[in-house]
Amino acid sequence: MKDRVIDIRNDFPILNREVNGNPLVYLDNAATSQTPQAVIDVISDYYSRYNANIHRGVHALSQEATDAYEKARHTLQIHFNAAHAQEVIFTSGTTHSINIIASGYAELLNPDDELLISALEHHSNIVPWQMLCEKTGAQLKVIPMLSDGTLDLEAYSNLLSNRTQLVFVNHVSNALGTVNPLKLIIEKAHEVDAKVLVDGAQAAPHIITDLQALDIDYYVTSAHKLCGPTGVGMLYGKSELLNVLPPYQGGGEMIATVTFEKTTYADLPHKFEAGTPNIAGGIAFGSALDYMNSIGLNAIAAYEQELLTYATEQLKAIEGLRIYGEASEKTAVISFLVGDIHPYDMGSLLDKMGIAVRTGHHCAQPIMDFFQIPGTIRASFSFYNTFEEVDRLVAGVKKAKMMLE
Amino acid sequence: MADIQTIQNEIVEEFSFFEDWMQRYEHMIELGKSLPLIHSEFKTEENIIKGCQSKVWIHAELDQEQLVFTADSDAIITKGIIALLIRVFSHQPPAAIMEADTGFIDKIGLKEHLSPTRANGLLSMIKQMKMYAIAFQTQLN
Chain F
6 MKDRVIDIRN DFPILNREVN GNPLVYLDNA ATSQTPQAVI DVISDYYSRY
56 NANIHRGVHA LSQEATDAYE KARHTLQIHF NAAHAQEVIF TSGTTHSINI
106 IASGYAELLN PDDELLISAL EHHSNIVPWQ MLCEKTGAQL KVIPMLSDGT
156 LDLEAYSNLL SNRTQLVFVN HVSNALGTVN PLKLIIEKAH EVDAKVLVDG
206 AQAAPHIITD LQALDIDYYV TSAHKLCGPT GVGMLYGKSE LLNVLPPYQG
256 GGEMIATVTF EKTTYADLPH KFEAGTPNIA GGIAFGSALD YMNSIGLNAI
306 AAYEQELLTY ATEQLKAIEG LRIYGEASEK TAVISFLVGD IHPYDMGSLL
356 DKMGIAVRTG HHCAQPIMDF FQIPGTIRAS FSFYNTFEEV DRLVAGVKKA
406 KMMLE
Chain R
7 MADIQTIQNE IVEEFSFFED WMQRYEHMIE LGKSLPLIHS EFKTEENIIK
57 GCQSKVWIHA ELDQEQLVFT ADSDAIITKG IIALLIRVFS HQPPAAIMEA
107 DTGFIDKIGL KEHLSPTRAN GLLSMIKQMK MYAIAFQTQL N
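Chains as they are written, first to last, in my numbering: chain F, 6 to 410; chain R, 7 to 147.
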């Protein structure tokens with residue numbers, strides 16, 4: 006893999022650009038990944054050759070667009086090993102996917118019900134459930150985290166009861182990179198008949214996720230973390246669950262028959278796909294997965310772990326640097342602080358050196374509160390990053406530290 | 007006290023001697039250290055200019071028909087930016103602050119702090135200072 010990276014980098018036009026007079030070092034992959042030319046071409050090809058509305062036109066363009074869109078759905082189904090293509094719903098992204106489920110459960114929950122949420126969640130997997138609890142009177146309980154950034158699994162077991170209806174957990178924490186033990190979490194939840202929603206946004210680019218093997222009930226992710234475009238994502242749900250879940254939005258595409266007296270809803274997946282979708286985005290999502298699979302997720306994961314190990318060692322050698330989140334199983338994410346330096350100051354200076362990192366609370370304020378810090382600097386690596394870029398980051402942090410202290 | 011435009015011109019001239027971004031930022035960091043600090047009693051939750059990056063507190067009071075600003079932030083570059091704004095706006099009549107343009111920011115190479123993604127950055131600070139000016143001008147009327 007290491008010797009292929011130079012070739013791989015050539016697939017991504019953006020990696021050739023300069024920022025503030027320096028070659029770009031893009032280490033904000035956990036926020037969004039970059040897009041290879043092959044995927045950009047797919048989007049351009051769609052608008053150049055067969056842009057049409059799908060699922061209803063009888064004309065050639067509409068059929069070509071429908072075929073491409075449904076082929077992409079099939080690609081997603083195979084990639085994540087869903088049992089049926091109709092269990093794969095195209096959405097605008099992870100947040101949208103979560104809101105579809107939350108909205109449906111508003112009609113299914115009682116005030117006696119309990120929902121468990123992990124302390125590692127992104128705001129997008131917290132707020133919709135708080136809103137749901139306000140609506141239904143159900144209780145939201147938090148699975149606490151430990152100081153190394155892993156979940157307290159004993160506390161989790163104790164929180165589960167026959168009142169538990171749903172458990173929300175990310176596969177990987179966006180702020181810390183912790184990989185959560187999904188298999189165990191899901192098995193325990195199923196023992197009390199609770200359903201599990203897995204936020205896969207951070208894991209999908211790095212870890213092969215087998216929806217059936219893990220027995221995941223609901224799974225959500227976004228294309229833009231997977232070398233695809235923004236504004237498109239996926240909701241997976243077991244068909245027996247999605248069939249009874251009330252629809253989220255009314256509109257065209259999601260109906261079987263409409264009269265002013267009564268409307269019957271379409272079958273899956275259309276029931277949850279009201280309105281004209283992001284057609285080019287959906288098609289490009291499929292191509293992005295094809296691209297990543299052409300490199301191989303296992304090869305990607307192994308290489309990213311090498312980058313993580315190297316970067317962790319190099320950064321830790323900087324005096325006063327503290328890493329937050331030191332789980333034994335992590336994706337290539339390093340959240341850190343240096344001395345008393347505010348992350349915003351560090352991030353601003355790194356930007357002047359052409360190094361893109363994320364600073365702040367990473368939309369995971371409860372984690373920052375746990376560590377009693379305002380936020381961190383987060384470097385997140387992808388398979389197109391190099392060891393030389395790690396060196397540039399380390400040199401940049403040292404230089405900024407010198408200026409700020 | 008020189009007027010707002012004159013002070014802005016001085017700052018632009020001062021920054022023109024710097025050869026690269028490092029010197030500019032080192033200067034900003036120095037300025038941050040000299041910021042006229044807000045009295046701790048005004049450093050309250052309500053006085054925080056809300057955003058998602060650094061915390062900023064700004065306080066204003068009237069002294070002989072002129073506004074005097076004090077401030078603080080938990081980030082040093084942000085403090086440097088406020089120090090510049092205070093140099094421009096403090097000890098000026100509210101009406102002059104209300105009408106002032108802030109073209110000097112672009113000229114001294116700090117344009118990136120004007121981006122809306124730098125939440126809690128320059129734009130919200132300027133807005134807050136102008137809000138104070140409007141409020142105190144109403145009192146003077």
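Quick reminder that beta carbons are idealized off the backbone N, C-alpha and C, glycines included.
- Inter-residue distance for F:HIS195 and F:ASN185 is about 17 Å (C-alpha atoms, whole angstroms).
- Taking a contact as a CB-CB distance under 8 Å, the pair F:TRP134 and F:ILE148 does not count as one, their CB atoms being some 13 Å apart.
- If you check each beta-carbon in the segment 388-403 of chain F against every beta-carbon of chain R, none falls closer than 7 Å.
- The beta strand (DSSP E) runs lying completely inside the segment 237-307 of chain F and spanning 3 residues or more are 238-242, 260-263 and 268-270, given in chain order.
- Each of F:TYR308, F:ASP12, F:TYR31 and F:GLN370 was checked against the Cα of F:GLY352, and the nearest Cα belongs to F:TYR31.
- Bridge partners of F:PRO28 according to DSSP: F:GLU23.
- Residue environment for R:MET7: exposed (fewer than 16 other C-beta atoms within 10 angstroms of its C-beta).
- The three-state secondary structure of F:ALA384, taken from DSSP, is strand.
- Within chain R, the residues MET28, TYR31, GLU32 and ILE35 have their CB atoms less than 9 Å from the CB of F:MET408, given in chain order.
- DSSP, read as helix, strand or coil, puts F:VAL201 in strand.
- Two segments are said to touch when three or more pairs of C-beta atoms, one from each, lie closer than 8 Å; by this definition the segment 52-69 of chain R does not touch the segment 320-332 of chain F.
- Per DSSP, F:ILE191 lies in no beta strand (DSSP E) segment; the continuous alpha helix (DSSP H) that holds it begins and ends at 187-196.
- For F:VAL402, the enclosing alpha helix (DSSP H) has its first and last residue at 392-409.
- Between F:ALA43 and F:ILE288 a beta carbon distance of about 12 Å is seen, past the 8 Å cut, so the two are scored as non-contacting.
- The beta carbon of F:THR364 falls within 8 Å of a beta carbon belonging to chain R, placing the residue at that interface.
- For F:THR214, there is no enclosing alpha helix (DSSP H), as DSSP gives it neither H nor E.
- Taking all protein chains in view, the Cβ of F:VAL395 is crowded by 16 or more other Cβ atoms within 10 Å, so the residue is classified as buried.
- Proximity of chain F to R:ALA102 at the Cβ level (cut-off 7 Å) is not reached, the minimal Cβ distance being about 30 Å.
- Comparing C-alpha distances from F:GLY236 to each of F:SER178, F:HIS211, F:GLY98 and F:ARG363 shows the shortest one belongs to F:GLY98.
- Following the DSSP letters along the chain, one finds R:THR76 in no alpha helix (DSSP H) but inside the beta strand (DSSP E) bounded by residues 72-79.
- Closer than 8 Å to the CB of R:SER130 there is not a single CB belonging to chain F.
- Of all C-beta pairs linking the segment 223-230 of chain F to the segment 195-214 of chain F, three or more are shorter than 8 Å, placing the two stretches in contact.
- A residue is called buried when at least 16 other Cβ atoms come within 10 angstroms of its Cβ; F:VAL263 does not meet this threshold and is exposed.
- Taken in chain order, the members of the segment 61-89 of chain R whose beta-carbon sits within less than 9 Å of a beta-carbon on chain F are LYS61, SER79, ASP80, ALA81, ILE82, ILE83 and THR84.
- With a 10 Å radius around the Cβ and a threshold of 16 neighbouring Cβ atoms, R:THR76 comes out buried.
- As DSSP reads the structure, F:ASP33 sits in a beta bridge with F:SER385.
- Within the segment 14-29 of chain F, ASN25 and GLY26 place their CB atoms closer than 9 Å to a CB of chain R, listed in sequence order.
- For R:THR12, the enclosing alpha helix (DSSP H) starts and ends at 10-22.
- Listed along chain F, no residue sits closer than 8 Å to R:GLN98 by beta-carbon distance, the nearest being about 28 Å off.
- Here R:HIS65 carries a strand assignment [DSSP, helix/strand/coil].
- Remark: C-beta atoms of R:ILE132 and R:ILE17 do not approach each other more closely than 8 Å.
- Of the candidates F:GLY256, F:HIS347, F:GLU75 and F:ASN298, the residue whose Cα lies closest to the Cα of F:ALA279 is F:GLY256.
- Of all residues in the segment 343-359 of chain F, the ones placed with a Cβ closer than 7 Å to any Cβ belonging to chain R are HIS347, TYR349, ASP350, SER353, LEU354 and LYS357, in chain order.
- Residue nearest to F:VAL132 within the set F:ILE260, F:THR381 and F:CYS368 is F:CYS368 (criterion: CA-CA distance).
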